[in-house]
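Visitor:
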Amino acid sequence: MAQIAILTRKCTGCALCVGNCPFGAMEMKDGHPEINAACRVCGICVKNCPEKAIMKLETRVASVDKTQWKDILVFAEVSGGRLHPVSIELIGKARELAAPLGWQVKTVLVGSGVAAFAEELRHYGVSEVAVYDSEELSYFRADAYASCVEDYIKAVKPSVVLVGATSLGRSLAPRLSTRFHTGLTADCTRLELRENTDLVQIRPAFGGNIMAQIVTTNTRPQFATVRYKVMDAPSRNEAASGRIDLRRIPRSVQESRASLVSVTPVPPKKSISDAEILVVGGRGLKKESDLDMIRELAALLGGDWATSRPLVEKGWTTNERQIGLSGRTVRPKLIITCGVSGAIQFTSCMNASDHIVAINQDPDAPIFKVAHVAIVDDLYQVVPDLIARLKEGRV
Ligand SMILES: Cc1cc2nc3c(=O)[nH]c(=O)nc-3n(C[C@H](O)[C@H](O)[C@H](O)COP(=O)(O)OP(=O)(O)OC[C@H]3O[C@@H](n4cnc5c(N)ncnc54)[C@H](O)[C@@H]3O)c2cc1C
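Residue numbers (this note's numbering): 8 to 402.
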């Protein structure tokens, strides 16, 4: 970590640094420069200050002995009385990553009555299922859950910890990475493991314009969250493997500063991430009522419907129906996009679908780069025609 500091006793207030900063990160206040949030710590101001009144301060990052950390730990999430399927997907990915290094895959379950799920996890090739099962953990309190996972991490020292990018996981993972003073990459879309055990955490960055490769070089464990439906789920083994480790609840759980005031159960909702067939409307739709034909086509195919972000921004639907970086990741067997251009923020969250059919009147639309079937035509011709054919049983 580096930062820029200004030595006010040396600064003459010449304001040269304000003009030199390419990011507009220097502002004059009361005759002296101040650094704002736009600073990229590029050091141009340091080099050009005639009074040597600006310094770059480097903080040395503590590093750990990486050889002491091995294996991969998956946080197995139980919420609403069910094992979240993202946990199984993460176990599959963890096994794939661990195999070349001869590492093991371990899981940790936290909650009340969760011991029952430990047996099920043993059918996915894990070497150990750690269980923190207590009444005190009957609802999610981030600090108490973090204390349990922290306890297990300290006991087994995994090199990598994978957590589902669910509401619960997004609250838990940063707390854990802070406790270990180590890195966390949220919403990874790909993971690779180098021979030196550094996890390459790949995810879209800068509004989806680049795929960043993020590596935690000095510290362990390496925390990553991954969204549901991004990784392949492994098949369930008939035979169970691995041991169940019933863990003692750490004392710090009782010191949790969160307490339950009330619970309002949210009725279970169907998510577009679970759909096997999806019909998607994009900005090519001219008016809100045109979504009716998208819904009708979806219903005739026995599927669900979704949209790109502009339709959510117009208020035609809610974020729960939005595919993309700021919406949901989907991976259906069949997806039909209608009037969607195929921006990276959209395609990166649907391009693993089995069959992609794209309808767009622009032959150069980027959506055709990921489509298996490209229909270059007016959606107002194609969609009603498909609906008519399905109704007549001609498809
Ligand atoms: C940080 C960030 C996050 C984002 N997150 C998301 C996200 O989660 N989801 C998302 O969708 N976007 C997201 N975006 C926005 C994204 O960049 C695009 O702007 C958006 O996906 C475009 O939506 P669209 O394809 O529906 O609209 P457009 O890009 O406007 O495309 C409309 C398409 O319809 C076609 N068309 C028009 N009329 C017809 C017709 N009659 N028949 C056939 N085709 C027709 C046009 O040729 C065009 O290709 C994000 C952007 C940023 C910066």
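A virtual CB, placed ideally from N, CA and C, is assigned to each residue, including glycine.
Taking all protein chains shown into account, decide if F230 is buried (16 or more other Cβ within 10 angstroms of its Cβ) or exposed.
Guide: Start at 1 with the first residue of the sequence shown, and residue 230 comes out as number 223. Classification for F230: buried.
Visitor: Smallest Cα separation from C52: which of N43, M62 and A45?
Guide: Start at 1 with the first residue of the sequence shown, and residue 52 comes out as number 45. For C52, the nearest C-alpha among the options comes from M62.
Visitor: Keeping to the same chain, check which residues put their C-beta closer than 8 Å to that of T114; ignore five residues upstream and five downstream.
Guide: On the sequence shown, residue 114 is found 107 positions in, with the first residue counted as 1. Contacts found: L80, V81, F82, A83, S94, I98, L128, V133, E135, V136 and A137.
Visitor: Can you give me the C-alpha to C-alpha distance between V383 and V286, rounded to a whole angstrom?
Guide: By one-based count along the sequence shown, residue 383 stands at place 376. By one-based count along the sequence shown, residue 286 stands at place 279. Their backbone Cα atoms lie some 17 Å apart in a straight line.
Visitor: On a Cα-Cα basis, can you pick out the residue from D297, L267, L175 and A265 that is closest to Q388?
Guide: Indexing the sequence shown from 1 puts residue 388 at position 381. When each option's Cα is compared against that of Q388, the closest is D297.
Visitor: Following a CB-centred definition, is G331 positioned closer than 7 Å to any heavy atom of ligand 1?
Guide: The residue labelled residue 331 in the question sits at position 324 within the sequence shown. Indeed, a heavy atom of ligand 1 lies less than 7 Å from the Cβ.
Visitor: On the three-state DSSP scale, how would you describe L404?
Guide: Because the chain here runs from 8 to 402, residue 404 falls outside it and cannot be looked at.
Visitor: Mapping the DSSP letters down to three states, classify I11 as helix, strand or coil.
Guide: Numbered from 1 along the sequence shown, position 4 holds the residue referred to as residue 11. It is a strand residue.
Visitor: Tell me where the alpha helix (DSSP H) around D392 begins and ends.
Guide: On the sequence shown, residue 392 is found 385 positions in, with the first residue counted as 1. Element bounds for D392: L386 to E399.
Visitor: Tell me the start and end of each unbroken beta strand (DSSP E) in the segment 195-255 that is at least 3 residues and wholly inside, in chain order.
Guide: Those beta strand (DSSP E) runs which fall completely within the segment 195-255 and span 3+ residues are 197-200, 206-212, 217-221, 229-233 and 250-253.
Visitor: Taking 8 Å as the cut-off, decide whether the C-beta atoms of G289 and V380 are in contact.
Guide: Counting from one through the sequence shown, the residue named residue 289 turns up at place 282. Counting from one through the sequence shown, the residue named residue 380 turns up at place 373. No.
Visitor: Helix, strand or coil: how does DSSP classify N259 here?
Guide: Residue 259 sits at position 252 when you count from the first residue of the sequence shown. It should be pointed out that residue 259 corresponds to Ser in this sequence rather than to Asn. S259 falls in the helix class under three-state DSSP.
Visitor: What runs of the beta strand (DSSP E), each 3 residues or longer, lie entirely inside the segment 44-103?
Guide: 61-65 and 79-83
Visitor: Our contact map puts V121 next to V85 with C-beta atoms below 8 Å; I'd like the distance itself, whole angstroms only.
Guide: On the sequence shown, position 114 is the one that residue 121 refers to. On the sequence shown, position 78 is the one that residue 85 refers to. About 5 Å separates the two Cβ atoms, so the contact holds.
Visitor: What whole-angstrom Cβ distance do C56 and I11 have, given they're in contact under 8 Å?
Guide: Within the sequence shown, numbered from 1, the residue matching residue 56 stands at position 49. Within the sequence shown, numbered from 1, the residue matching residue 11 stands at position 4. Actually they do not touch by this definition, with Cβ atoms about 10 Å apart.
Visitor: Nearest to S91 by alpha carbon, out of A125, F30, S360 and D371?
Guide: The residue labelled residue 91 in the question sits at position 84 within the sequence shown. The residue asked about is misnamed: residue 91 is His in this sequence, not Ser. For H91, the nearest C-alpha among the options comes from A125.
Visitor: Are at least three pairs of beta-carbons, each pair with one atom in the segment 254-262 and one in the segment 144-158, less than 8 Å apart?
Guide: yes
Visitor: DSSP three-state label for E283, please.
Guide: Locating residue 283 in the sequence shown gives position 276, where the first residue counts as 1. Coil at E283, not helix or strand.
Visitor: Suppose the cutoff is 8 Å on Cβ atoms and the five residues either side in sequence are ignored; what does the same chain contact list for P228 look like?
Guide: In the sequence shown, the residue the question calls residue 228 occupies position 221. So the qualifying residues of the chain are W76, L80, I160, K164, P165, S166, V167, V168, F187 and T189.
Visitor: Identify the residues that DSSP records as bridge partners of A381: which are they?
Guide: The count along the sequence shown starts at 1 and reaches residue 381 at position 374. Answer is A365.
Visitor: Could you have a look at R182 and say whether DSSP puts it in helix, strand or coil?
Guide: In the sequence shown, residue 182 corresponds to position 175, counting from 1. It is helical.
Visitor: Specify the secondary structure class of L292 as computed by DSSP and reduced to three states.
Guide: Your numbering for residue 292 matches position 285 in the sequence shown. Reduced to three states, the DSSP call for L292 is coil.
Visitor: In angstroms, rounded to a whole number, what distance separates the CA positions of N43 and K54?
Guide: The count along the sequence shown starts at 1 and reaches residue 43 at position 36. The count along the sequence shown starts at 1 and reaches residue 54 at position 47. Distance between the alpha carbons of N43 and K54: 19 Å.
Visitor: Look at C195 and P257 and say whether their C-beta atoms are less than 8 Å apart.
Guide: Within the sequence shown, residue 195 is the residue found at index 188, counting from 1. Within the sequence shown, residue 257 is the residue found at index 250, counting from 1. Not a contact, by the Cβ cut-off of 8 Å.
Visitor: Are three or more beta carbon pairs between the segment 320-331 and the segment 362-376 nearer than 8 Å?
Guide: No, the segment 320-331 does not touch the segment 362-376.
Visitor: Nearest to G176 by alpha carbon, out of A106, D158 and R234?
Guide: Stepping through the sequence shown from its first residue, residue 176 is reached at position 169. The option with the nearest alpha carbon to G176 is R234.
Visitor: Taking I366 as the reference, which of E399, G349, K73 and A246 has the closest Cα?
Guide: Reading the sequence shown from its first residue, position 359 is the one you call residue 366. Nearest of E399, G349, K73 and A246 to I366, Cα basis: G349.
Visitor: Which value, in whole angstroms, describes the spacing of the CA atoms of G291 and L200?
Guide: Looking up residue 291 in the sequence shown gives position 284. Looking up residue 200 in the sequence shown gives position 193. In a straight line, the C-alpha of G291 is about 41 Å away from that of L200.
Visitor: Just to confirm before moving on: does the CB-CB distance between V48 and A9 stay below 8 Å?
Guide: The count along the sequence shown starts at 1 and reaches residue 48 at position 41. The count along the sequence shown starts at 1 and reaches residue 9 at position 2. A contact, by the Cβ cut-off of 8 Å.
Visitor: Less than 8 Å between the beta carbons of K100 and T204, yes or no?
Guide: For the purposes of this step, residue 100 is taken as residue 93 along the sequence shown, with counting starting at 1. For the purposes of this step, residue 204 is taken as residue 197 along the sequence shown, with counting starting at 1. Contact: no.
Visitor: In three-state DSSP terms, what is G171?
Guide: Here residue 171 is taken as the residue at index 164 of the sequence shown, counted from 1. Three-state DSSP puts G171 in a strand.
Visitor: Where do the ends of the alpha helix (DSSP H) carrying E320 lie?
Guide: Within the sequence shown, numbered from 1, the residue matching residue 320 stands at position 313. Run containing E320: R316 to E320, per the alpha helix (DSSP H) assignment.
Visitor: Is DSSP giving T114 helix, strand or coil here?
Guide: As a position in the sequence shown, residue 114 is number 107, starting the count at 1. Residue state, collapsed to three classes: strand.
Visitor: Could you check what DSSP says for T271 in three-state terms: helix, strand or coil?
Guide: One-based indexing of the sequence shown puts residue 271 at position 264. Secondary structure of T271 (DSSP, three-state): coil.
Visitor: Who are H39's beta bridge partners in DSSP?
Guide: One-based indexing of the sequence shown puts residue 39 at position 32. Its beta-bridge partners are K36.
Visitor: Hey, quick one: how far does the alpha helix (DSSP H) through C155 stretch, first residue to last?
Guide: Counting from one through the sequence shown, the residue named residue 155 turns up at place 148. Residues A149 to V163.
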